[in-house]
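Everything below concerns the one structure shown next.
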Amino acid sequence: MNVLLELLVVTFKVIGLWLLAVIKALVPSRFQSKKDVSDQVVLVTGAGSGIGRLLSVRFARLGSRLVLWDIDELGNQQTSELVRSAGSEASIYTVDLSKRADIYKAADRVKQDVGDVDILVNNAGIVTGKKLFDCPDELMQKTVDVNCCAHFW
1 MNVLLELLVV TFKVIGLWLL AVIKALVPSR FQSKKDVSDQ VVLVTGAGSG IGRLLSVRFA
61 RLGSRLVLWD IDELGNQQTS ELVRSAGSEA SIYTVDLSKR ADIYKAADRV KQDVGDVDIL
121 VNNAGIVTGK KLFDCPDELM QKTVDVNCCA HFW
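Oh and the sequence shown: position 143 is 143 in the working numbering, straight run, nothing missing.
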């Protein structure tokens, strides 16, 4: 009996959520409420280029305070200039996300310098563009450390 009741409850929840998704898909985005991220601290990993840079600038335009992490110091500096030109604050940190100790050290510095982080965008990643068996062991290990393990530290 309990299994039948649970199945019924789950079915109604799924149908309700599906209807909500259909309604949201039909309503234009300008009429939907958006989360206010102004004055929130946003930490973006991999902020030195690509999607991380674009996300950082977008959050800056929305009024967020940015914390930029990247292993590329020059790219991170360029992103911080773009963030500042968009009218926001930017704190930059050079962090190697393949090293757990570096992550912990940078997190402690961020907490001291900026305070608590409200939004974390785990964007950093390594893409080699090579076939699996063409990658040297060191590159494979670094890829796994950044793309998989760094999310947990």
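Where is the CB? At the ideal position from N, CA and C, for every residue including glycine.
Helix, strand or coil for residue i, going by three-state DSSP, please let me know.
i	result
residue 62	coil
residue 10	helix
residue 124	coil
residue 15	helix
residue 131	coil
residue 149	helix
residue 87	coil
residue 32	coil
residue 154	The structure shown does not extend to residue 154, since the chain is modelled only from 1 to 153, so the question has no answer here.
residue 99	coil
residue 1	coil
residue 27	coil
residue 22	helix
residue 144	helix
Work out the CA separation of residue j and residue i for me, nearest whole Å.
i	j	result
residue 62	residue 86	9 Å
residue 150	residue 97	6 Å
residue 44	residue 79	11 Å
residue 100	residue 142	12 Å
residue 140	residue 74	25 Å
residue 30	residue 36	14 Å
residue 123	residue 21	26 Å
residue 116	residue 17	33 Å
residue 127	residue 153	20 Å
residue 83	residue 72	16 Å
Does the Cβ of residue i have 16 or more other Cβ atoms within 10 Å, making it buried, or fewer, making it exposed?
i	result
residue 118	exposed
residue 69	buried
residue 48	buried
residue 59	buried
residue 2	exposed
residue 53	buried
residue 65	buried
residue 103	buried
residue 25	exposed
residue 15	exposed
residue 95	buried
residue 129	exposed
Residue i bridges to which residues according to DSSP?
i	result
residue 119	42
residue 93	69
Below 8 Å on the Cβ atoms is my contact criterion, and I expect residue i with residue j to pass it. Report the Cβ-Cβ distance as a whole number of Å.
i	j	result
residue 76	residue 92	5 Å
residue 41	residue 57	16 Å between Cβ atoms; not a contact.
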